[in-house]
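In terms of my numbering, the sequence shown opens at residue 143 and continues consecutively.
All C-beta atoms in this analysis are idealised placements derived from N, C-alpha and C, irrespective of residue type, glycine included.
Just so it is clear, the structure is predicted and the values come from calculations on it, not from any experiment.
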Amino acid sequence: MVASEGNVGTYSSIAATDEDHVFIAYYDADHGDLKSTKSANAGLDWGTPVSVDSAGDVGKFVSIAAVDNSTLFVSYYDATNRDLKFASSGNGGSTWSAVTVDSAGNVGQYSDISAVDANTVFISYYDADSNNGDLKVVRGIYALGNWTWTPAAVDSTGDIPNAAADAGQYTSISALSARRVYVSYYDVTNGNLKFARTTNAEGAFTWVAVTVDSANDVGKYSSIAAVYDTTPNDDANAGDTVFIGYYDATNKDLKLAKTVSGGDVAGEWNSATVVSTGDVGQFSSLAAAEESTVFIVYYDDTDNELEAVRSTDGGTSFTGPAVVDSNDNVGKYASLANIRTHTLFVSYYEQNKGDLKFSKSLLLVDLEGHRVSLHYAMNPTIAGSAWLKDGRILSVAQLDSDHWLFMVPRDAEPGPSIEQSQIRVKVKASDSVAPGIYEVRLSVRQVER
143 MVASEGNVGT YSSIAATDED HVFIAYYDAD HGDLKSTKSA NAGLDWGTPV
193 SVDSAGDVGK FVSIAAVDNS TLFVSYYDAT NRDLKFASSG NGGSTWSAVT
243 VDSAGNVGQY SDISAVDANT VFISYYDADS NNGDLKVVRG IYALGNWTWT
293 PAAVDSTGDI PNAAADAGQY TSISALSARR VYVSYYDVTN GNLKFARTTN
343 AEGAFTWVAV TVDSANDVGK YSSIAAVYDT TPNDDANAGD TVFIGYYDAT
393 NKDLKLAKTV SGGDVAGEWN SATVVSTGDV GQFSSLAAAE ESTVFIVYYD
443 DTDNELEAVR STDGGTSFTG PAVVDSNDNV GKYASLANIR THTLFVSYYE
493 QNKGDLKFSK SLLLVDLEGH RVSLHYAMNP TIAGSAWLKD GRILSVAQLD
543 SDHWLFMVPR DAEPGPSIEQ SQIRVKVKAS DSVAPGIYEV RLSVRQVER
């Protein structure tokens, strides 16, 4: 449990800078306030909640980005004034400074923030004004002690090709650089999943929008992640890999869309159903550790639980679903953060109690530095066990969805030849994971360190 003081945890957002430091911003519905909390030990303990903003009814549609352990940014909706707001902290969330970014009409719902660095942020959001219904993106540049904000209508009828009459709900943004910014969102008029990306040269701010999926009513609860293409010389024309997780409201399925060419051509997107058992896919949140490793958490409305799936082949196939939490109608307002391929953090809402909750993946990287014993079976008639002479785990790597590599010192010599053995490794869990004995089947390789 992260917070339980009243009805808290709707509109939560999570960010992490390493395996230990985790930050959550969330809406306190009882007081209409935006709050934050942090952990310095991977979620075992949480600090006292801090008020980010309490001027009016503020904090819905919150999104957080962490540049480092000190520099934090949040975007959110001011329901009282119907404005988009932004808050920043330079001391790890101990104190915050809040400003209004856009106040033209009813703006700021469905906000999502992505930070390029400590001086450049992008926020996508919905302009709900009755005359607009537009997707907007604002760029923030920090220089000489002040933020300068440049808003733009990204999908607005008459402004860009392929614009929709009402688009921009359920928006999600991923900014790899000031010239490589990607947005997914829901086309309300046509019930489609849409995508927009920058096509700007340095200093410009232009966009192109395409329809990604138009089969049925699709695109709500979109969540986007982009992965760098490191090959091109022209930064503005990179063929980055982009993933979008989203909800198919017609079939009540979780879907994934992917492109490996930057996404500005509709025909270069591939869409597929990820999970179709029950009513699944609302409140989806996606993270991509690299081009091959993708994680999605989402709410299962049939079983009222939070579930997760993982792909290690770039979204072609997924393992799972795994149940993250099934206690008391949990999983709405889920937000996912990853540290490379081995550690996941999730914040979410427990509806029956009105609490903010947190879960962490218990992947084997937590076991580095601890000792192992070997239980081997070379064939059905030869089996036994042996302690390693030096059984320290130097590192743990994930080879694919089902195989892990434990690296131990060269002096770690079990009885039989481990090159020929399939070995069961018993590892006593460290203090950073739940007490108990964790057991996996894997091949052990000796390496020098």
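Exposed or buried, which one is residue i when buried takes at least 16 other CB atoms within 10 Å?
{"i": "D244", "result": "buried"}
{"i": "V465", "result": "exposed"}
{"i": "N274", "result": "buried"}
{"i": "E147", "result": "exposed"}
{"i": "T313", "result": "buried"}
{"i": "R321", "result": "buried"}
{"i": "N480", "result": "buried"}
{"i": "R482", "result": "exposed"}
{"i": "D195", "result": "buried"}
{"i": "G232", "result": "exposed"}
{"i": "T461", "result": "exposed"}
{"i": "A285", "result": "exposed"}
{"i": "A246", "result": "exposed"}
{"i": "Y370", "result": "exposed"}
{"i": "T444", "result": "exposed"}
{"i": "P329", "result": "A small correction: the amino acid at residue 329 is Asp; Pro does not occupy that position in the sequence shown. Answer is buried; the Cβ neighbour count reaches 16."}
{"i": "S239", "result": "exposed"}
For residue i, which beta-bridge partners are listed by DSSP?
{"i": "V352", "result": "F337"}
{"i": "P293", "result": "V280"}
{"i": "A208", "result": "L214"}
{"i": "K400", "result": "F385 and N412"}
{"i": "A150", "result": "The displayed chain sequence assigns Val, not Ala, to residue 150. According to DSSP, V150 bridges with D170."}
{"i": "R321", "result": "BP columns for R321 are empty, so no partner."}
{"i": "N431", "result": "Here residue 431 is Ala; the residue named in the question, Asn, does not match the sequence. In the DSSP output, where bridge partners are listed per residue, A431 has none listed."}
{"i": "A464", "result": "A450"}
{"i": "N480", "result": "L486"}
{"i": "T313", "result": "Note: T313 sits in no beta bridge, so no partner."}
{"i": "F262", "result": "Looking at the sequence itself, residue 262 is Thr, so the reference to Phe does not match. For T262, which the question treats as bridged, DSSP gives the partners D259 and I283."}
{"i": "L176", "result": "Y169 and D195"}
Do the CB positions of residue i and residue j come within less than 7 Å of each other?
{"i": "L396", "j": "V416", "result": "yes"}
{"i": "D254", "j": "I206", "result": "no"}
{"i": "A367", "j": "F385", "result": "yes"}
{"i": "A399", "j": "W411", "result": "yes"}
{"i": "Q311", "j": "Y363", "result": "no"}
{"i": "G381", "j": "S403", "result": "yes"}
{"i": "A317", "j": "V323", "result": "yes"}
{"i": "Y268", "j": "V204", "result": "no"}
{"i": "V436", "j": "G405", "result": "no"}
{"i": "A167", "j": "N149", "result": "no"}
{"i": "N471", "j": "N446", "result": "yes"}
{"i": "A221", "j": "A157", "result": "no"}
{"i": "G185", "j": "K502", "result": "yes"}
{"i": "S298", "j": "V279", "result": "no"}
{"i": "V200", "j": "L498", "result": "no"}
{"i": "V354", "j": "F337", "result": "yes"}
{"i": "Y219", "j": "L176", "result": "no"}
{"i": "G235", "j": "V192", "result": "yes"}
Give me the Cα-Cα distance between residue i and residue j, rounded to the nearest whole angstrom.
{"i": "D421", "j": "L335", "result": "19 Å"}
{"i": "E161", "j": "S181", "result": "11 Å"}
{"i": "S574", "j": "V352", "result": "Because the pLDDT at S574 is just 46, under 50, the model does not fix this residue reliably, and the value given afterwards should be weighed accordingly. Roughly 45 Å between the two C-alpha positions."}
{"i": "A408", "j": "L478", "result": "27 Å"}
{"i": "V296", "j": "V216", "result": "21 Å"}
{"i": "S155", "j": "Y491", "result": "11 Å"}
{"i": "Y252", "j": "S434", "result": "28 Å"}
{"i": "K202", "j": "A309", "result": "19 Å"}
{"i": "S178", "j": "T292", "result": "26 Å"}
{"i": "A331", "j": "A357", "result": "It should be noted that the sequence gives Thr, not Ala, for residue 331. Roughly 14 Å separates the two Cα atoms."}
{"i": "T213", "j": "F228", "result": "13 Å"}
{"i": "S459", "j": "G198", "result": "46 Å"}
{"i": "V241", "j": "W289", "result": "9 Å"}
{"i": "P463", "j": "N393", "result": "18 Å"}
{"i": "D359", "j": "A270", "result": "20 Å"}
{"i": "Y440", "j": "T340", "result": "28 Å"}
{"i": "G387", "j": "F165", "result": "23 Å"}
{"i": "D225", "j": "D442", "result": "32 Å"}
{"i": "N248", "j": "N223", "result": "8 Å"}
{"i": "D390", "j": "S427", "result": "14 Å"}
{"i": "T159", "j": "L277", "result": "29 Å"}
{"i": "D365", "j": "G287", "result": "Checking the sequence, you will find Ser at residue 365 rather than Asp. If I take the Cα positions, the gap works out to 32 Å."}
{"i": "A307", "j": "G361", "result": "16 Å"}
{"i": "T237", "j": "G189", "result": "13 Å"}
{"i": "T419", "j": "I283", "result": "44 Å"}
{"i": "R281", "j": "S489", "result": "26 Å"}
{"i": "N183", "j": "H163", "result": "6 Å"}
{"i": "D259", "j": "T383", "result": "20 Å"}
Would a check of beta-carbon distances place residue i closer than 7 Å to chain C?
{"i": "S468", "result": "In the structure shown, chain C cannot be found, because there is only a single protein chain."}
Cβ of residue i versus every heavy atom of the ligand HEM: is any distance shorter than 6 Å?
{"i": "N288", "result": "Inclusion of the ligand HEM in the displayed structure is not the case, the ligand content being empty and no account of it being possible."}
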